[in-house]
Amino acid sequence: MKLKVNAVHFTADNTLVDFIQRKLNKLDQFHDRIIGADVYLKLEKGDKSAVQKKLIEVSLQVPGKTIFVKEQGDSFEEATDIALDVLTRQVKKVKQKQNDKSHKKSELIIESSSDED
Numbered sequence: 001m002k003l004k005v006n007a008v009h010f011t012a013d014n015t016l017v018d019f020i021q022r023k024l025n026k027l028d029q030f031h032d033r034i035i036g037a038d039v040y041l042k043l044e045k046g047d048k049s050a051v052q053k054k055l056i057e058v059s060l061q062v063p064g065k066t067i068f069v070k071e072q073g074d075s076f077e078e079a080t081d082i083a084l085d086v087l088t089r090q091v092k093k094v095k096q097k098q099n100d101k102s103h104k105k106s107e108l109i110i111e112s113s114s115d116e117d
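In full-length UniProt numbering, the protein residues as written are 1 to 117.
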C-alpha cells in the first residue's frame, strides 16, 4: 500500500511516520486490494488550555470506494489507534459488500446456465 503522510503546520518525525505505516499495514489482512492511503496530521487548537488535541484524518482508497476517517486524541499514537479500529470495521464492511455482490453475480450466471438446459 502506498502511504502519504502530511503534517499540517509542523514536521512529523520518522518515528511517528513509521508507527502510522506499521499500523495501517495491518489493514492488508482484511482487504488484499488496498491501493493507498493519505494521512493528514493536524494540531487542533484547544479551548483556553495549552494542551492541543492531535487530529488524524485518513483517506483509504480501495477499488470502487474511498474510506475516510477523522479521529482525535491526546497523542497522535492514540488517535491512530482509534482511527485504525474504525478503519478496520469499515474495511471489513466494504470487503463483505464486494464479496456479496460477486457471489450474487456468480449465482445469476449459474442459474442462467441451468435454465438453458
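Quick reminder that beta carbons are idealized off the backbone N, C-alpha and C, glycines included.
As the structure is a computational prediction, the values presented were derived from the model and not from experiment.
DSSP bridge partner residues for residue i (one or two, in chain order)
i          : result
residue 25 : DSSP, once it has assigned bridges, lists no residue as partnering residue 25.
Beta carbon of residue i nearer than 7 Å to that of residue j
i           : j          : result
residue 120 : residue 79 : As shown, the chain starts at 1 and ends at 117. That puts residue 120 outside it, with no answer to give.
residue 95  : residue 9  : no
residue 16  : residue 76 : yes
residue 33  : residue 63 : yes
residue 35  : residue 61 : yes
Selected residue, minimal CA-CA separation from residue i, among the options
i           : options            : result
residue 44  : 72, 68 and 83      : 72
residue 70  : 84, 21 and 64      : 84
residue 67  : 92, 41 and 18      : 92
residue 1   : 11, 26, 14 and 7   : 26
residue 98  : 87, 82, 81 and 65  : 65
residue 168 : 11, 56 and 52      : Since the first and last residues shown for the chain are 1 and 117, residue 168 lies out of range.
residue 86  : 74, 5 and 24       : 24
residue 42  : 100, 101, 82 and 5 : 5
Boundaries (first-last residue) of the beta strand (DSSP E) holding residue i
i          : result
residue 36 : 36-44
residue 61 : 53-62
residue 69 : 65-73
residue 7  : 2-7
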